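Take any residue in the sequence shown, note its place counting from 1, add 1, and you have its number in this note's numbering. Here's the structure we're looking at; comments come further down.
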Amino acid sequence: MFRALAGLALALLVSSAQAQQQVASRLDDIVKRGTLRVGMTGDYLPFTYLEQDTKAFRGFDVDMAESLGKALGVKVEFVQTAWPQLAKDFEADRFDVAMGGVSITFDRQKKGLFSTPIMREGKTPIARCADKDKYETIADIDRAGIRVTVNPGGTNERFARANVKTAEIRVFNDNTKIFDEIAKGDADLMMTDASETRYQQKLHPGVLCAVHPDKPFDFSEKAYWLQRDVALKAFVDQWLHVAMEDGTFRRIYAAWFE
Numbered sequence: 002m003f004r005a006l007a008g009l010a011l012a013l014l015v016s017s018a019q020a021q022q023q024v025a026s027r028l029d030d031i032v033k034r035g036t037l038r039v040g041m042t043g044d045y046l047p048f049t050y051l052e053q054d055t056k057a058f059r060g061f062d063v064d065m066a067e068s069l070g071k072a073l074g075v076k077v078e079f080v081q082t083a084w085p086q087l088a089k090d091f092e093a094d095r096f097d098v099a100m101g102g103v104s105i106t107f108d109r110q111k112k113g114l115f116s117t118p119i120m121r122e123g124k125t126p127i128a129r130c131a132d133k134d135k136y137e138t139i140a141d142i143d144r145a146g147i148r149v150t151v152n153p154g155g156t157n158e159r160f161a162r163a164n165v166k167t168a169e170i171r172v173f174n175d176n177t178k179i180f181d182e183i184a185k186g187d188a189d190l191m192m193t194d195a196s197e198t199r200y201q202q203k204l205h206p207g208v209l210c211a212v213h214p215d216k217p218f219d220f221s222e223k224a225y226w227l228q229r230d231v232a233l234k235a236f237v238d239q240w241l242h243v244a245m246e247d248g249t250f251r252r253i254y255a256a257w258f259e
């Protein structure tokens, strides 16, 4: 009886091992394919921007993607997506990883895995410098006559709709030009990630000012959104760990944020 049970247990172990060998991970597929498919919106500087004339991506997460591809020993193929369809494209397996300023959310976590967080974030206002002291709190913002602009389909719109009930919310479809709406007076402010407010303040010195970016209204983190494969996540996390220790992350960050 004991020998029979031992034999059965051994057979099950061998069968399980063989099954695991037969099921290739996405990491294996990427290496075999020789290409890492990276989904990006291309409209969110300094993380990602698609040049219309050359159709080339540039930005912080573009450089990080190239670093990841080098670590994997594969080429990087950028796949353009958009914030309103990011989840649908992810579920349709159009790319292996979504990069480009992607925030961690529970809805996204249900569909895939997130890497180790790369940045602590939070929503904070950006307004014309002359008016920045008017929008310190949600109560300051949520008043009749205030025009809050949002880009559609992402965490910025969700945050605005959850917190703004009296002020006017204006959806502006071109995320690359949305801050010009504030600068020229067609909107009063936007609530977005603190990192973006700092970057846009840098691009519009004396015109647009980030409002308390060090003390945002909420807490969030940015990370890389991976298709559900533990081997791929393990590799990406290890690559990030090394990049943060050997200066790679710091060098790329400084080039885009400082």
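Every residue, glycine too, gets a C-beta built ideally from N, C-alpha and C. Note that the structure is a prediction, hence the values are computed from the model and not measured.
So, helix, strand or coil for residue i, using DSSP?
| i | result |
| --- | --- |
| residue 18 | Low local confidence applies: a pLDDT of 44 at residue 18 is under 50, so the model's placement there is unreliable, with the coordinate-based value given in what follows. Three-state result, residue 18: helix. |
| residue 196 | helix |
| residue 46 | coil |
| residue 116 | coil |
| residue 151 | strand |
| residue 40 | strand |
| residue 77 | strand |
| residue 223 | strand |
| residue 165 | coil |
| residue 182 | helix |
| residue 6 | In this predicted model, residue 6 has a pLDDT of only 47, less than 50, meaning its place in the structure is not dependable; the value taken from the coordinates is given anyway. Helix, per DSSP. |
| residue 32 | helix |
| residue 105 | coil |
| residue 145 | coil |
| residue 259 | coil |
| residue 137 | coil |
| residue 252 | helix |
| residue 98 | strand |
| residue 229 | coil |
| residue 243 | helix |
| residue 211 | strand |
| residue 71 | helix |
| residue 203 | helix |
| residue 234 | helix |
| residue 11 | Note that residue 11 scores a pLDDT of 48, beneath 50, so its modelled location is shaky and nothing firm can be said. |
| residue 83 | coil |
| residue 88 | helix |
Would residue i and residue j be called neighbours here (beta carbons separated by less than 8 angstroms)?
| i | j | result |
| --- | --- | --- |
| residue 73 | residue 119 | no |
| residue 204 | residue 183 | no |
| residue 195 | residue 217 | yes |
| residue 68 | residue 221 | no |
| residue 228 | residue 27 | yes |
| residue 256 | residue 250 | no |
| residue 219 | residue 123 | yes |
| residue 43 | residue 58 | yes |
| residue 168 | residue 144 | yes |
| residue 60 | residue 50 | yes |
Just list the residues that DSSP pairs residue i with in beta bridges.
| i | result |
| --- | --- |
| residue 191 | 127 |
| residue 59 | 50 |
| residue 296 | Since the first residue shown for the chain is 2 and the last is 259, residue 296 is missing from the structure and cannot be characterised. |
| residue 172 | 151 |
Report, in whole angstroms, the separation of the C-beta atoms of residue i and residue j, which I expect to be a contact under 8 angstroms.
| i | j | result |
| --- | --- | --- |
| residue 45 | residue 116 | With a Cβ gap of about 18 angstroms, residue 45 and residue 116 do not count as contacting. |
| residue 212 | residue 128 | 6 angstroms |
| residue 130 | residue 186 | No, residue 130 and residue 186 are not in contact; Cβ-Cβ is about 13 angstroms, not under 8 angstroms. |
| residue 48 | residue 101 | 5 angstroms |
| residue 142 | residue 151 | With a Cβ gap of about 12 angstroms, residue 142 and residue 151 do not count as contacting. |
| residue 64 | residue 179 | No, residue 64 and residue 179 are not in contact; Cβ-Cβ is about 24 angstroms, not under 8 angstroms. |
| residue 106 | residue 214 | Between residue 214 and residue 106 the Cβ distance is about 21 angstroms, and since that is not below 8 angstroms, they are no contact. |
*Does the stretch 63 to 83 come within contact of the stretch 199 to 206, defined as at least 3 CB pairs closer than 8 angstroms?*
no
*Any contact of the stretch 152 to 163 with the stretch 79 to 88, i.e. 3+ C-beta pairs under 8 angstroms?*
yes
*Decide yes or no for the touch test of the stretch 111 to 118 against the stretch 133 to 147: beta carbon pairs closer than 8 angstroms, at least 3 of them.*
no
*Are the stretch 92 to 103 and the stretch 224 to 238 touching, with three or more C-beta to C-beta distances below 8 angstroms?*
yes
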